[in-house]
Amino acid sequence: GMPVEQNPPALSLYEGADSGLRCNFSTTMKSVQWFQQNHRGRLITLFYLAQGTKENGRLKSTFNSKERYSTLHIKDAQLEDSGTYFCAAEAGGGSGNKLIFGTGTLLSVKP
Amino acid sequence: EAAVTQSPRSKVAVTGGKVTLSCHQTNNHDYMYWYRQDTGHGLRLIHYSYVADSTEKGDIPDGYKASRPSQENFSLILELASLSQTAVYFCASSPGYSGNTLYFGEGSRLIVV
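As they're listed, the protein sequences go chains A and B.
Heads up: the first sequence begins at 338 in my numbering, then just goes up one per residue.
Heads up: the second sequence begins at 2 in my numbering, then just goes up one per residue.
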């Protein structure tokens, strides 16, 4: 299968709702990054994790290398959270920061 | 704030023509990357570079060349553009070898007709 599987492919939320996105990895990854691609196509880095959990405002991300997954949790969704969210993982073995991207989750936040 | 700028932002090219996409970063980063984005595929790495005058193949290098004439500049060259190379191309930079956040440019939309 794909080295990085991202779920769900699409998600619709109402403002104020909470939800989570997930990436599963086919092999042990060294680190994971999460990006948001906004309506203009700009990619914005949200998190870099080598392990554990990080929080930034309404966003929280967890990376479990051993269990081969990462999650991105969005709390109190706002209209500006709409966009496509990508996870990207770095494999070990001297890959030189070559990231493997998931196929993205298209998030639509509705008023 | 990191700054990566790409040009052109949009281009229509004819099949068989030569296309050069340029990327400039003011972050003093060693690593630079070219990715392409297609619907349903996320981003895929074409070429990258960790030092001036040297480039490395990524995961999908066929049909592309890269050039890193200086630390700040990294170009992607399509010598003979093909229809299948219609995509959005992103340049990125990062400070070091591993474990570093990528800083992306705004993307270059290429349409080959």
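For each residue, glycine too, the CB sits at the ideal point set by N, CA and C.
Inside the stretch 26 to 106 of chain B, DSSP marks whole beta strand (DSSP E) runs of 3 or more residues at positions 32 to 39, 43 to 52, 55 to 58, 66 to 68, 74 to 79 and 88 to 95, from first to last along the chain. In the structure shown, the three-state DSSP call for A:GLU404 is coil. Around the beta carbon of A:SER398, 16 or more other beta carbons lie within 10 angstroms, which makes this residue buried.
For A:LEU416, there is no enclosing beta strand (DSSP E), as DSSP gives it neither H nor E. Using a CB distance cut-off of 8 angstroms, B:PHE75 does not count as an interface residue toward chain A.
Inter-residue distance for A:ALA425 and B:GLU107 is about 18 angstroms (C-alpha atoms, whole angstroms). Here B:LYS12 is not near B:SER76, since their CB atoms are 8 angstroms or more apart.
Nearest CB-CB separation between B:LEU44 and chain A: below the 8 angstroms threshold. Interface flag for B:THR56 against chain A is unset, since no Cβ pair is found closer than 8 angstroms. The CB of B:VAL89 comes closer than 8 angstroms to the CB of GLY378 in chain A, given here in chain order.
Pairing B:GLY18 with B:VAL89, the inter-Cα distance amounts to about 18 angstroms. Per the C-alpha coordinates, the member of A:LYS447, A:PHE423, A:GLY357 and A:GLU427 positioned closest to A:GLU417 is A:LYS447. A Cβ-Cβ contact shorter than 8 angstroms links B:ALA82 with B:ALA14. For A:SER363, no beta strand (DSSP E) run applies, since DSSP gives it neither H nor E.
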